[in-house]
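Numbering (my numbering), first residue to last: 6 to 74. In this text, a Cβ means the ideal position worked out from N, Cα and C, and glycines have one as well. Please read these numbers as outputs of a predicted model, since none were measured by experiment.
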């Protein structure tokens, strides 16, 4: 039986690997960025994802405002 499933991965600037792993047996998510791993309960990861999505939208809006001035 598989211990985890890779549910997302990408390569960031500077060739830093980034992966999201889901552990179904413990209902946890691990976010690996380079040599750093953050572990969350799945429901907490979903809340953090929503917070990051909103923050990214604000950053994009701030950038658009500064570029148009």
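Residues near residue i in its chain [Cβ-Cβ closer than 7 Å; skip 5 each side]
| i | result |
| --- | --- |
| residue 46 | 32, 33 |
| residue 50 | 34 |
Endpoints, the beta strand (DSSP E) within which residue i is located
| i | result |
| --- | --- |
| residue 13 | 10-17 |
| residue 24 | 21-28 |
Count the CB pairs spanning the region 57-66 and the region 36-46 that are closer than 8 Å, and state whether there are at least three.
Touching, no, given that fewer than three Cβ pairs across the two stretches are closer than 8 Å.
Note down, one range per segment and in chain order, each beta strand (DSSP E) of at least 3 residues found wholly within the region 34-58.
Counting only runs of 3 or more, we get 41-46.
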